[in-house]
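Below is one structure, written out as structure tokens, with a few remarks after it.
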Amino acid sequence: MPTEATFRFSTYLTLALACAAVGYAQAPMLPEAAVFAGLAVGTLVALYFVESRYALLSIPAANRLGGIVGAAFLAWVGYRVKREIDTGEFAHLGWPMLFVAMCGPLVLMLLAAKAARGEKHAGDYWTLHGTALAGIGLAAAFADEALCFVLLGLYLVAAVWSLTLFHLARSAGHVRPVPSPDAPAPRSAAASGDPHGSRTGFRSALLSAAVAGAVALPLYLLTPRSTAAKAEFGTASAEIGYSADQMVDLKTTGTLKPSNETAFEVVATYPDGTPKNDIRPDQRWRGRTHHQYSGGAWNRDAAVLPTIAPRAKVPLREAGDWTPPDLGPGQYRLEYALPPRPEAHFVADPVLWIPDEPPPLAGYNEDRPQPWTPGYDGTFFWEPIQSLRRRPLRYVQAYAPRSDPDLGPGFQLESHLYNDARDQLRVNPLERVKEYTDALIARMVADGTLPAGWRDAQVFLNRRTLLPREEYHERLARALCAHLATNPEFRYTLELKREQPKLDPVEEFLLHSKSGHCQRFATALVLMLRSQGIPAVYVRGFKGCEHLGDGRYAVKQEQAHAWAEALVEVEVPPEERTADGPVRRFHWLSLDPTPDGSFAGSEVGAPWWRATNNQIGAWFRHHVVNYTAEQRRKDLTTLAETATRPEFLVGSVIIAVLVLGATVAYRRARRPAPFRELDGRVRWFGELVAVLSAHGFVPERGETLLEYATRAAAGVGSRPGCVAVAHIPVTWAESYYQERFGNVPPSDARRTERAAELESLRRALESYRA
Numbered sequence: 047m048p049t050e051a052t053f054r055f056s057t058y059l060t061l062a063l064a065c066a067a068v069g070y071a072q073a074p075m076l077p078e079a080a081v082f083a084g085l086a087v088g089t090l091v092a093l094y095f096v097e098s099r100y101a102l103l104s105i106p107a108a109n110r111l112g113g114i115v116g117a118a119f120l121a122w123v124g125y126r127v128k129r130e131i132d133t134g135e136f137a138h139l140g141w142p143m144l145f146v147a148m149c150g151p152l153v154l155m156l157l158a159a160k161a162a163r164g165e166k167h168a169g170d171y172w173t174l175h176g177t178a179l180a181g182i183g184l185a186a187a188f189a190d191e192a193l194c195f196v197l198l199g200l201y202l203v204a205a206v207w208s209l210t211l212f213h214l215a216r217s218a219g220h221v222r223p224v225p226s227p228d229a230p231a232p233r234s235a236a237a238s239g240d241p242h243g244s245r246t247g248f249r250s251a252l253l254s255a256a257v258a259g260a261v262a263l264p265l266y267l268l269t270p271r272s273t274a275a276k277a278e279f280g281t282a283s284a285e286i287g288y289s290a291d292q293m294v295d296l297k298t299t300g301t302l303k304p305s306n307e308t309a310f311e312v313v314a315t316y317p318d319g320t321p322k323n324d325i326r327p328d329q330r331w332r333g334r335t336h337h338q339y340s341g342g343a344w345n346r347d348a349a350v351l352p353t354i355a356p357r358a359k360v361p362l363r364e365a366g367d368w369t370p371p372d373l374g375p376g377q378y379r380l381e382y383a384l385p386p387r388p389e390a391h392f393v394a395d396p397v398l399w400i401p402d403e404p405p406p407l408a409g410y411n412e413d414r415p416q417p418w419t420p421g422y423d424g425t426f427f428w429e430p431i432q433s434l435r436r437r438p439l440r441y442v443q444a445y446a447p448r449s450d451p452d453l454g455p456g457f458q459l460e461s462h463l464y465n466d467a468r469d470q471l472r473v474n475p476l477e478r479v480k481e482y483t484d485a486l487i488a489r490m491v492a493d494g495t496l497p498a499g500w501r502d503a504q505v506f507l508n509r510r511t512l513l514p515r516e517e518y519h520e521r522l523a524r525a526l527c528a529h530l531a532t533n534p535e536f537r538y539t540l541e542l543k544r545e546q547p548k549l550d551p552v553e554e555f556l557l558h559s560k561s562g563h564c565q566r567f568a569t570a571l572v573l574m575l576r577s578q579g580i581p582a583v584y585v586r587g588f589k590g591c592e593h594l595g596d597g598r599y600a601v602k603q604e605q606a607h608a609w610a611e612a613l614v615e616v617e618v619p620p621e622e623r624t625a626d627g628p629v630r631r632f633h634w635l636s637l638d639p640t641p642d643g644s645f646a647g648s649e650v651g652a653p654w655w656r657a658t659n660n661q662i663g664a665w666f667r668h669h670v671v672n673y674t675a676e677q678r679r680k681d682l683t684t685l686a687e688t689a690t691r692p693e694f695l696v697g698s699v700i701i702a703v704l705v706l707g708a709t710v711a712y713r714r715a716r717r718p719a720p721f722r723e724l725d726g727r728v729r730w731f732g733e734l735v736a737v738l739s740a741h742g743f744v745p746e747r748g749e750t751l752l753e754y755a756t757r758a759a760a761g762v763g764s765r766p767g768c769v770a771v772a773h774i775p776v777t778w779a780e781s782y783y784q785e786r787f788g789n790v791p792p793s794d795a796r797r798t799e800r801a802a803e804l805e806s807l808r809r810a811l812e813s814y815r816a
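Take any residue in the sequence shown, count from 1 to its spot, add 46: that is its number in my numbering.
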């Protein structure tokens, strides 16, 4: 490369940023890409420091290096193809996408090999920049994290800067043209990196890149998204959301991406019509329950729950107008609006009902609400008439606050189905989960969380196992849930991995990885409860809601969630007991073992830097990578509302004035007066400036002496009769640098000669004026 340091630095920086972007973007899919990127960046750094001291490779040597690189790449491709045939690691992508991905390491190797060639001409630089641009295209296709797009932005600035200097260096003849017998000789021009000047062209490149980004980003955010299917690169990924038809498969790996699509909306009002604006931000909305787990997945069938005793049932009422049950103080009404053919009928959890009272749910088949049908197990169901299934569905639920928001209504079970019904919900297919839970309970007894008499001795003798007494089921269930939710060993993440695929996903989660999303936490808790004889089911739905104002709430797909539900016995409070009534009643207890706040896509327990990166990444995926038409409309509405607020307008004007004033003050402080650095030794240069200024060649702010002299020489030479003296300004500037920085004072003969030159220049300029 040319010896001009700025040009060399900008070129190597551009190539290194391209390598870093490719390696970072492809590392989740191809870990080798990060290794290749590290080697490429290290090679470029070494070449940058070595090139100015030693000669790089000749053309034959560079060709041999290219052959070695090609052979190494083919060997790696062969290894990757063999591995894919054996494991099917990227079967979800297909062979074409895999081969596209393998082009990334090829780009990295080619950049390093091409940069090692000595005596480069213009074609070599175009090849380097073209290859780097191809790598950036691959990185953009694979990237979905904000940090990678920061690298792309830095590459944009560096590439504009490098190409600008490349054009100037090529025009000045510092870069050899592509060898051709018919190539014209390059025209002479001043390169921005002249060793006697101070301009590098970086500010211009930065400004150009900023203008391009400022124009491109709003266009991207405002233009409609294509309706065509998006080509997915990189690791397997799926959007967070609820799908009733999908099996809950814990063997799935990849990245879960938040989806901002609205699943359904809810309007909350009190009986007098006043909107309720304080629904709990962690309110759960239940969809379906599952009871059978095998092979790392929950089946699609809904759970079969124990039958409730007839006297505790909600009676089946004839169709007619619906009257909500009396649920006590603070009762309010939730009205749901779901899209046509919804995945499930979602309701607030837990569902509250009272024996011998109307059902708490009613659906709008026409204009009036019709009560839902109560099931034998305490649940309720609704089958809309056929004509309504193609339209948005509306139904209403009576609800009220409770002192324990996780505990459902109490009931008794059918005596002849007492054990069989519960045994179906105690099936735990994983013995190692029981071993883990037994050891955990032993520690709980040791630290006082459970009493020493927690064990049911009769069951212990009959089944040769450790099972808790039923009066401790609720206490143990809450303790196991707290263990998963608060233990710092367990970490919530949207990056789903399987490092030991031969193990069941729950065994791997509890014993090894200890990281996963809500499905792994909930499944682990269900099986841990079952291993101790506590009936439990797996529940899917949503957690949280977005308040839209005036009692309206939106539940987003990204708030899809899973939790556990345990069937426990709870002692009836003394004030509620009757002479012939039970002392204990069964309740469904909702248990959420996922760390707090993680249902929205964050990682709990992560270091601050990772948590910050996750938040930025989630925002970036939400507003850029997975930007939807709905989100665009919402952002535009929010922007319009914000921009019209008086406080925003006043604040914007104040900020604009402050920024403008700071900019003007900074520029005035940073711009020195012309030639302020002249000291006593070189003040003779001011005589030349005085002569030139008198004839229209006034120095400009920020202009160096050489730049001023070059501009003045060009202007003097363009005047008739002044060509013979046009060289004098540049000659004086060179003398100035020799004396000012080289400490080489002029001889007496040179001083005399300089005085004669100044007089000749003055006469020539005056004769031109005359």
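Positions of the beta carbon are idealized from the N, C-alpha and C atoms, including for glycine.
- Taking 9 Å as the cut-off, the Cβ atoms of residue 440 and residue 382 count as close.
- Residue environment for residue 142: exposed (fewer than 16 other C-beta atoms within 10 angstroms of its C-beta).
- Where residue 106 is concerned, there is no enclosing beta strand (DSSP E), although the alpha helix (DSSP H) around it starts and stops at 105-133.
- Checking the DSSP bridge columns, you'll see residue 335 partnered with 585.
- About 18 Å separates the beta carbons of residue 447 and residue 403, which is beyond the 8 Å limit, so they are not a contact pair.
- A residue is called buried when at least 16 other Cβ atoms come within 10 angstroms of its Cβ; residue 125 does not meet this threshold and is exposed.
- The three-state secondary structure of residue 729, taken from DSSP, is coil.
- Distance check between residue 317 and each of 375, 329, 339 places 375 closest, using alpha-carbon atoms only.
- If you draw a straight line from the Cα of residue 391 to the Cα of residue 606, it comes to about 14 Å.
- Residue environment for residue 172: exposed (fewer than 16 other C-beta atoms within 10 angstroms of its C-beta).
- A straight-line Cα-Cα distance of about 12 Å links residue 438 and residue 309.
- Secondary structure note for residue 328: it is in no beta strand (DSSP E), with a DSSP letter that is neither H nor E.
- CA-CA distance, residue 802 to residue 211, rounds to 39 Å.
- For residue 354, DSSP records a beta bridge to 459.
- Setting aside the 5 residues that flank it on each side, residue 769 is surrounded in the same chain by 763, each with a C-beta closer than 6 Å to its C-beta; the list follows chain order.
- Residue 397 and residue 486 have their C-alpha atoms some 32 Å from each other.
- DSSP places residue 442 in the uninterrupted beta strand (DSSP E) bounded by 439-445.
- Per DSSP, reduced to three states, the secondary structure at residue 780 is helical.
- The continuous beta strand (DSSP E) containing residue 630 extends over residues 630-637.
- 741 is the residue among 625, 527, 741, 369 whose C-alpha sits nearest the C-alpha of residue 813.
- Residue 79 carries a helical assignment under DSSP once its states are collapsed to helix, strand and coil.
- Residue 530 is positioned such that its CB atom lies closer than 9 Å to that of residue 570.
- Secondary structure at residue 160: helix, using DSSP grouped into helix, strand and coil.
- With respect to the 9 Å criterion, residue 346 and residue 585 are not classified as neighbours on the basis of their beta carbons.
- Cβ-Cβ distances below 8 Å link residue 430 to 409, 411, 439 in the same chain, with the five nearest sequence neighbours on each side left out; the list follows chain order.
- Contact between residue 200 and residue 178 does not hold, since their C-beta atoms are separated by about 13 Å, which reaches or exceeds 8 Å.
- By DSSP's assignment, residue 340 forms a beta bridge with 343.
- Within the DSSP bridge table, the entry for residue 380 names 314, 443 as partners.
- A straight line joining the alpha-carbon of residue 612 with that of residue 583 spans about 7 Å.
- The three-state reading of DSSP puts residue 763 in helix, counting H, G and I together.
- Per DSSP, the unbroken beta strand (DSSP E) holding residue 410 starts and ends at 407-410.
- The bridge partners DSSP lists for residue 308 are 602.
- With a threshold of 16 other beta carbon atoms within 10 Å, residue 682 falls short and is exposed.
- A direct Cα-Cα distance of roughly 9 Å separates residue 85 from residue 65.
- Residue pairing for residue 562: DSSP places it in a beta bridge opposite 538.
- For residue 202, the closest alpha carbon among the candidates 269, 268, 62, 112 is that of 62.
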